Amino acid sequence: MGKQFTVADAYLYTILRWTGFVGLDLARWPVLAAYAARVESRPKVQEALIAEGLVKPSKAAA
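So the working numbering is basically just the index in the sequence shown, starting at one, shifted up by 46.
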């Protein structure tokens, strides 16, 4: 929605994560794939994913 991260960004990221579970490959939409990667690299997003058991902590974070 702009330069500031909003609830809309968080929701879009959530929906984009579901694409893997339903067999959609984001490679067809490189802008969306890059967006998802940028959001996923945010420290608080990583914390939430780890807390929910959706990703394992990296050795660098441990």
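Glycine included, C-beta positions come from ideal geometry on N, C-alpha and C. These numbers were taken from a predicted model, which means no experiment stands behind them.
- For residue 66, the enclosing alpha helix (DSSP H) begins and ends at 53 to 67.
- In the three-state reduction of the DSSP assignment, residue 50 falls in the coil class, being assigned neither a helical nor a strand state.
- Residue burial is scored here from C-beta neighbours: residue 70 has fewer than 16 other C-beta atoms within 10 angstroms and is therefore classed as exposed.
- When Cβ pairs closer than 8 Å are counted between the two stretches, the stretch 76 to 83 is seen not to touch the stretch 91 to 103, the count staying below three.
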